[in-house]
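A.B. asks: To start, I am sharing the structure in question, which I have written as structure tokens.
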Amino acid sequence: MTWEELLALAAKAGENAYVPYSKFPVGAALECADGTVFTGCNVENAAYGSTICAERTAAVKAVSQGHRDFRRLAIWGLSQDYCYPCGACRQFLYEFNPQLEICCTRAAGDWVVRSLSEFLPYGFRF
Ligand code: THU
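If you're matching positions, the sequence shown starts at 940 in our numbering and goes up one per residue.
Okay, structure coming up:
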């Protein structure tokens, strides 16, 4: 699967975002070693801190279905700058693969690819 195809799945997932507060939908598509893709969107809550990001939605779906070998992640969001994963998501994903390749898009439609270890050097593990 190309990055474009994975991004298209992330954009599609973003259509289900529940964002009555921020009005900022995010979509994610997480590809595992065997090629299985899990998608996610952000789901907000009136108790704002209970909101879950698109990336963690996808990761939790994967792990709960028995998939832990994350390989690539595409993140779709219509931000001015690239829609980079938040700090909590970086740490959450680091647990499963510090070398995860992450593709981030922005409203202009272009994208960048970085390794999770670039986003989060010295992440926590024990
Ligand atoms: N959000 C994500 O889904 N992923 C990120 O990496 C950054 C932020 C969501 C959370 C919230 O619903 C909205 O974007 C605005 O912060």
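Don't be surprised by glycine CBs; every beta carbon is placed ideally from N, CA and C.
The structure presented is a predicted model; accordingly, all values stated were derived computationally and were not measured.
List in chain order the residues whose CB is within less than 6 Å of at least one heavy atom of the ligand THU.
C.D. replies: With the cut-off at 6 Å, the residues found are Val958, Ser961, Phe963, Val965, Asn981, Glu983, Thr990, Cys992, Ala993, Glu994, Pro1024, Cys1025 and Cys1028.
A.B. asks: When the Cα atoms are used, what is the spatial distance from Phe1009 to Asn1036?
C.D. replies: Their backbone Cα atoms lie some 6 Å apart in a straight line.
A.B. asks: Where DSSP assigns a beta bridge to Val1052, which residues make up the other side?
C.D. replies: Answer by DSSP bridge pairing, in chain order: Cys1042.
A.B. asks: Sort Ser1018, Ile1014, Val976 and Gly974 by Cα distance to Ala993 and report the nearest one.
C.D. replies: Residue Ile1014 is the option with its Cα nearest to Ala993.
A.B. asks: Answer with buried or exposed for Thr941, where buried requires no fewer than 16 other C-beta atoms within 10 angstroms of its C-beta.
C.D. replies: Exposed.
A.B. asks: Measuring CB to CB, does Gly1062 end up less than 7 Å from Tyr1023?
C.D. replies: No; because the gap between Cβ atoms is not below 7 Å, this pair is not in contact.
A.B. asks: Taking the beta carbon of Arg1064 as the centre, do at least 16 other beta carbons fall within 10 Å, making it buried, or is it exposed?
C.D. replies: Arg1064 is exposed by the Cβ-count criterion.
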